[in-house]
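Visitor: If you scroll down you'll find the structure; I have some questions about it.
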Amino acid sequence: MASYNGPAMIVSRGGEIEVTVDLRSRTDPDGSETWAGHIDHGDRSELTLVVKSMSQYGLMIRLPDGHEGHVLLSAETAWSAGSITVSGFLRG
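Start counting the sequence shown at 419; every next residue gets the next number (the numbering used here).
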């Protein structure tokens with residue numbers, strides 16, 4: 419996956435919510451796939467609740483094609499209009 423923009427699911431201890439993601443990936447020299455991008459959700463309060471229930475491993479994102487991965491909030495997350503900036507890794 420070089421890029422993906424579309425629907426996804428965030429899975430956390432606080433439940434699951436449908437979101438829209440804009441992700442860009444790359445393969446590191448060790449073969450692992452890392453990525454970064456934005457998560458958007460229309461209800462900022464619902465997104466906030468899920469983020470507050472985040473585990474020590476971050477949030478899990480599940481894409482429609484079955485890819486899953488963990489993400490952590492990036493330092494540049496501004497919480498504007500229910501959008502967060504994330505980075506993480508994907509599993510097949």
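Note that beta-carbon positions come from the ideal geometry of N, C-alpha and C, so glycine has one too.
So A454 and R442 are in contact, right, with Cβ under 8 angstroms, and what is the actual spacing, rounded?
Guide: Reading the sequence shown from its first residue, position 36 is the one you call residue 454. Reading the sequence shown from its first residue, position 24 is the one you call residue 442. Yes, A454 and R442 are in contact; Cβ-Cβ is about 6 angstroms, under 8 angstroms.
Visitor: Looking only at DSSP bridge pairs, what is H485 linked to?
Guide: The count along the sequence shown starts at 1 and reaches residue 485 at position 67. Partner(s): none; H485 has no beta bridge.
Visitor: Which whole-angstrom value describes the C-beta separation of S430 and V468, a residue pair presumed to lie in contact below a C-beta threshold of 8 angstroms?
Guide: Residue mapping note: residue 430 aligns to position 12 of the sequence shown, counting from 1. Residue mapping note: residue 468 aligns to position 50 of the sequence shown, counting from 1. Confirmed, about 5 angstroms.
Visitor: Going by alpha carbons, who is nearest to I435 out of L477, G449, N423?
Guide: Looking up residue 435 in the sequence shown gives position 17. Of the candidates L477, G449, N423, the one whose C-alpha sits nearest the C-alpha of I435 is L477.
Visitor: Name the DSSP bridge partner or partners of Y422?
Guide: For the purposes of this step, residue 422 is identified with residue 4 of the sequence shown, where counting begins at 1. Note: Y422 sits in a beta bridge opposite L441.
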